[in-house]
Amino acid sequence: MAVKNTSKIEFIVGLDENKVPEKLHWTANDGAINNEEAKALLISVWDHKAKETLRMDLWTKDMPVDEMKQFFHQTLVTMADTFETATNDVKMSATMRDFCDYFAEKLELKKTN
Numbered sequence: 672m673a674v675k676n677t678s679k680i681e682f683i684v685g686l687d688e689n690k691v692p693e694k695l696h697w698t699a700n701d702g703a704i705n706n707e708e709a710k711a712l713l714i715s716v717w718d719h720k721a722k723e724t725l726r727m728d729l730w731t732k733d734m735p736v737d738e739m740k741q742f743f744h745q746t747l748v749t750m751a752d753t754f755e756t757a758t759n760d761v762k763m764s765a766t767m768r769d770f771c772d773y774f775a776e777k778l779e780l781k782k783t784n
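In our numbering, the protein residues as written are 672 to 784.
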């Protein structure tokens, strides 16, 4: 199967003198995102040769702890959704969502609709 198109996602990380992130911006032209500011990012890449996950976790100095907790909760929920889509394992996805509920409860995250 030949590649018909490509898509580029770009992250710009502004660092302080100690190489700690001060600013994060990202662009995803196919998603109509252009140099948008972010406070944190988690990227996981599967290395199929080594059979291991490579990752990059970055957040700015001014990322509030309460927002980091919410960010992690929402990331865990979306991971459960992605896991179900990718594996069709409904039972384990439900177990993951149960953990997400527990996580939110223990962190006293308020549900927003």
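Even for Gly, the Cβ is constructed at its ideal location relative to N, Cα and C.
Please look up how many angstroms separate the CB atoms of L778 and L729, rounded, as I've assumed it's under 8 Å.
Along the sequence shown, read from residue 1 onward, the residue named residue 778 stands at position 107. Along the sequence shown, read from residue 1 onward, the residue named residue 729 stands at position 58. Contact doesn't hold; Cβ gap of about 21 Å is too wide.
Helix, strand or coil at H744 according to DSSP, with G and I counted as helix
Position 73 of the sequence shown, counted from the first residue, corresponds to residue 744. Of the three classes helix, strand and coil, the one that applies to H744 here is helix, per DSSP.
Is the beta carbon of D718 sitting closer than 8 Å to the one on L712?
Counted from its first residue, the sequence shown places residue 718 at position 47. Counted from its first residue, the sequence shown places residue 712 at position 41. No.
Buried versus exposed, by CB contacts within 10 Å (16 or more), S764:
Taking the sequence shown and counting its residues from 1, one reaches residue 764 at position 93. That one is buried.
So for A673, helix, strand or coil by DSSP?
For the purposes of this step, residue 673 is identified with residue 2 of the sequence shown, where counting begins at 1. It is coil, neither helix nor strand.
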